[in-house]
Amino acid sequence: DAEDYPSGDFVYRDYDPWAKLVVRFKMLIAFPWERIKKGSVLSLKLRGEISDQFRGRFSSGLSLPQICENFIKAAYDPRVSGIYLHIEPLSCGWGKVEEIRRHLLDFRKSGKFAVGYAPVCGEKEYYIGSACEELYAPPSAYFQLYGLTVQASFLGGVLEKVGIEPQVQRIGKYKSAGDQLTRKNISDENREALTALLNNIFENWVEKISVATGKTKEDIEAFINEGVYEVQRLKEEGWITDIKYDDEVLAILKERLAIPSAKNLPTVDYRKYSRVKKWTLGLTGYKDQIAIIRASGSISRGRSPLSSGIVADQLIEKISKARDSKKYKAVVLRIDSPGGDALASDLMWREIKLLAASKPVVASMSDVAASGGYYMAMAAQTIVAEYLTLTGSIGVVTGKFNLERLYERIGFNKEIISRGKYAELTAAEQRPFRPDEAELFAKSAENAYRSFRDKAAASRSMTVEKMEEVAQGRVWTGNDAASRGLVDAIGGLSRAVAIAKKKANLPLDEPVTLVELSKPSGASFFDILSGIGSFVAEAETAMKALDGITPSYGAVEARI
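In the UniProt record's numbering, the protein residues as written are 1 to 560.
In structure tokens:
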């Protein structure tokens with residue numbers, strides 16, 4: 001029962017006199033890049049993609065663990081007076097948005113201010129902005145609080161026109177991966193699942209905004225349905241604090257901090273503040289250690305120079321390191337993955353099971369832990385998800401393209417000489433499956449599904465029949481997954497750490513040192529390349545995402 005698990009809620013405790021003295025001394029001897037002016041405001045622009053991994057010094061983009069760590073450091077840092085948050089369009093999922101919002105509220109427990117500025121604002125941006133004590137927008141701000149949508153696109157008609165026939169085998173009536181290639185419209189099952197997800201997201205948003213603004217849920221829904229876009233109306237009805245340009249907000253902050261108008265507001269940006277060590281602020285060095293292993297992106301088996309997702313070989317090395325080390329009392333496996341290669345998922349599942357046999361392992365799920373992502377999580381003793389983490393998708397999809405008609409149109413021919421009845425199963429894209437090949441193909445996918453489902457049932461202490469009811473490739477929100485036994489507790493990384501402490505018999509009121517096994521050790525050559533040309537990594541990520549639904553011609557592999 002979730003009630004048996006500690007909440008992991010952040011409790012701000014001010015330094016005692018001796019600790020204050022130690023921190024001041026550490027600041028005196030800190031490296032130059034860790035020094036900031038007293039009274040500084042931590043400035044952060046939230047926008048675009050946010051990774052669940054730590055970023056190297058020269059990497060572009062935002063990192064969720066660094067954002068959250070910066071907020072906690074700033075709460076304790078006597079040199080930081082508050083946070084000024086520029087909130088711009090976000091393309092991350094709701095799990096990360098929830099984690100940022102939670103840490104912003106935690107920061108405010110220190111008594112320091114958190115002020116937001118939102119020139120372009122939709123539901124995700126406002127969700128974070130509502131955690132600020134003040135939220136400003138310029139007169140020309142573009143607010144789009146019109147409601148939420150989910151979309152599904154289909155290439156079935158396009159591929160048909162060019163002569164490509166996707167031969168997709170999916171197990172699980174809700175397993176919609178592959179529908180984009182085979183269908184021309186949405187299936188009833190996919191519509192049902194997406195509608196449920198949308199309702200969950202919308203209801204959670206309305207509830208949290210109601211608490212933050214003091215407005216009733218009915219008033220919030222009425223406002224959304226009115227389609228209000230005028231910034232003046234937003235101010236009049238209490239959705240924002242005031243209408244101000246960025247420089248005017250800075251002037252307000254200077255006045256609050258009693259800084260003469262002729263002087264600039266002392267600020268420290270997110271990237272520079274990320275270099276301030278927790279040690280300098282007395283937030284590490286505790287005796288007991290818990291390892292954090294992060295697994296983000298699409299799942300693959302082998303390494304490549306630009307691998308940006310979860311590479312099984314690399315993750316298994318980290319798991320083995322955590323298992324062999326006696327200094328780690330427990331491990332938190334942080335997952336943000338839509339799945340990928342079925343074999344790689346199973347190999348990692350096995351290593352996590354071995355790790356869990358030697359010490360407590362808690363899975364903490366971010367935006368998504370579906371298919372192979374959930375496969376990994378279910379090897380842990382306890383699974384923690386955000387309220388809106390996309391969870392489950394216990395199903396299998398695999399397939400190949402039949403290019404026979406396309407080849408005929410363009411005059412291309414391919415002939416294969418083979419030995420063995422099924423030798424051409426993975427090689428013959430110039431023709432459809434024979435009936436016996438299609439049967440073997442289907443049986444292989446069904447076998448992969450049964451293995452996944454049965455392991456999930458055993459891991460979650462369910463009967464196979466009960467697991468079948470919640471499997472079938474269906475994606476749930478974290479909250480719905482918890483009510484169906486797929487998740488143990490709702491919360492973020494801090495709750496997962498608290499549960500890990502309890503399982504390791506560590507005092508809940510005593511801090512522990514969190515050791516990031518996935519943290520970059522320094523500026524590698526690839527880090528520098530990423531900062532200069534991040535489009536390369538983005539292209540790799542896009543190709544991996546595409547690979548998740550379109551198997552390569554060279555091999556027919558199960559994807560989960």
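For glycine and all other residues, C-beta sits at the position ideal for the given N, C-alpha and C.
The residue among Lys-277, Ala-370, Ser-345 and His-86 with its C-alpha nearest the C-alpha of Leu-46 is His-86. Shown here, Glu-207 sits in a helix according to DSSP, grouped into three states.
Within the model, the alpha-carbon separation for Asn-413 versus Arg-191 is close to 40 Å. In the three-state reduction of the DSSP assignment, Glu-134 falls in the strand class.
Contact between Val-396 and Ala-342 holds, since their C-beta atoms are separated by about 7 Å, short of 8 Å.
Bridge partners of Tyr-142 according to DSSP: Val-120. Spatial neighbours of Ala-427 in its own chain (CB-CB distance under 7 Å, excluding positions within 5 residues in sequence) are listed in chain order as Ile-416.
Asn-185 is classed as exposed because its beta carbon has fewer than 16 other beta carbons within 10 Å across all chains shown. Rounded to the nearest angstrom, the Cβ distance from Asp-488 to Asn-200 is 18 Å, too far for a contact under 8 Å. Fully enclosed alpha helix (DSSP H) runs of no fewer than 4 residues occupy 342 to 358 of the stretch 328 to 368, in order along the chain.
Shown here, Ile-29 sits in coil according to DSSP, grouped into three states, outside any helix or strand. Ala-114 sits in a strand when the DSSP states are folded into three classes.
For Arg-108, same chain residues with a beta-carbon under 6 Å away, outside a window of 5 residues either side, are Ala-114 in chain order. Contact annotation, Pro-65 with Ile-499: C-beta distance approximately 18 Å; criterion of less than 8 Å not satisfied. Beta-carbon to beta-carbon, Glu-49 and Ser-91 are separated by about 5 Å, close enough to satisfy the 8 Å threshold. The residue from Val-231, Ile-240, Val-41 and Glu-230 with its alpha-carbon nearest to that of Gly-214 is Ile-240. With 16 or more other CB atoms across the displayed protein chains lying within 10 angstroms of its CB, Tyr-328 is buried.
Residue pairing for Arg-170: DSSP places it in a beta bridge opposite Val-397.
For Trp-476, the three-state secondary structure derived from DSSP is strand. Contact between the stretch 330 to 339 and the stretch 282 to 298 is present: 3 or more CB-CB pairs across the two stretches fall below 8 Å. Per DSSP, the beta bridge partners of Asp-242 are Tyr-136.
In the three-state reduction of the DSSP assignment, Glu-230 falls in the coil class. Our two residues, Lys-26 and Glu-69, have alpha carbons roughly 19 Å apart in a direct line. Sequence-distant Cβ neighbours of Glu-99 in its own chain, meaning closer than 8 Å and more than five residues away, are Leu-64, Cys-68, Ser-366, Glu-386, Gly-492 and Leu-493.
Rounded to whole angstroms, the Cβ separation of Tyr-12 and Ala-75 is 6 Å, and the two are in contact under 8 Å. Val-158 sits exposed, since fewer than 16 C-beta atoms from the chains shown fall within 10 Å of its C-beta.
Around the Cβ of Leu-508, a 10 Å sphere holds fewer than 16 other Cβ atoms; the residue is exposed. Nearest C-alpha to Gln-314 among Lys-287, Ser-345 and Leu-21: Ser-345. Taking the Cβ atoms as the reference, Leu-514 lies roughly 24 Å from Trp-94, outside the contact range of under 8 Å.
Annotation: the continuous beta strand (DSSP E) that includes Leu-390 extends over 390 to 392. For Ala-498, no beta strand (DSSP E) encloses it; the enclosing alpha helix (DSSP H) starts and ends at 493 to 503. Distance check between Gln-232 and each of Leu-281, Ser-418 and Pro-138 places Pro-138 closest, using alpha-carbon atoms only.
Annotation: Lys-502 to Leu-281 spans about 26 Å, alpha carbon to alpha carbon.
Around the C-beta of Val-97, 16 or more other C-beta atoms lie within 10 Å, and the residue is accordingly described as buried. Straight-line measurement puts the Cα of Ala-295 at about 41 Å from the Cα of Lys-244. If you draw a straight line from the Cα of Ala-456 to the Cα of Val-41, it is about 47 Å long.
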